[in-house]
Amino acid sequence: MKKVDIVRETFPFEDGFFQLITFSEVLEHLPIESVYPVLQEIYRVLEKSGKIIVSSPNQAAILNRIHLLRGKSILELPVTLEYAGGTYGHIRLYTPEEFVMLASAVGFEVRKITCNDNYLKHVKSDSLIKNIVYKIFLWLGRVYRPGVLNFGDTWFALCEKNN
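Everything in the sequence shown is counted per my numbering, starting at 9 for the first residue and increasing by one.
See below:
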């Protein structure tokens, strides 16, 4: 196993080294100015037609929208986490559509992107109105997916290296 600070270092692998990379729950922790360089570095170390599986919390999740409507932030201020070796908590969340733009700009072809709604399926409220609203958003997310209404709490993408 090799450790690398993906924000400050290039990957210690030759071009086209990997067939598959998983990049799960990392994107939202990267400083914004590091997103493109990190994705470009992943692109570099993937072989021709190599794949990357990416997941990240969904900025457009219904619970985030509810927080915003209530005047609350969906993120804490980006402070370093000492217990995690000085890494950052969530700095910025991305919608599935934003990730498609990011990945495409680097050269990836997004083969599939989807959201889960596992969290919403288990939300129980004492309020009948809240429960009805959650059910409506779950239904809308299924009807319009993979379109613009992605209400799930996490998105997943399968991308392929274009050559």
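A virtual CB, placed ideally from N, CA and C, is assigned to each residue, including glycine. Nothing here was measured: the structure is a model prediction, and the numbers come from that model.
Boundaries of the beta strand (DSSP E) around F26: F26 to S32. DSSP places S81 in the coil class of the three-state scheme, outside both helix and strand.
Within the same chain, and ignoring the five residues on either side of I14 in sequence, the residues whose Cβ sits closer than 6 Å to its Cβ are V46. Pairing Q48 with V118, the inter-Cα distance amounts to about 15 Å. The shortest C-alpha to C-alpha distance from S64 to any of L76, P104 and Y51 is the one to P104.
Ranking T30, A113 and V12 by CA distance to the CA of K59 puts T30 first. Nearest to F26 by alpha-carbon distance, out of Y51, S32 and P39, is Y51.
Rounded to whole angstroms, the gap between the alpha carbons of K120 and L166 is 5 Å.
With at least 16 other beta carbons inside 10 angstroms of its own, Y102 counts as buried.
Boundaries of the alpha helix (DSSP H) around L110: P104 to V114.
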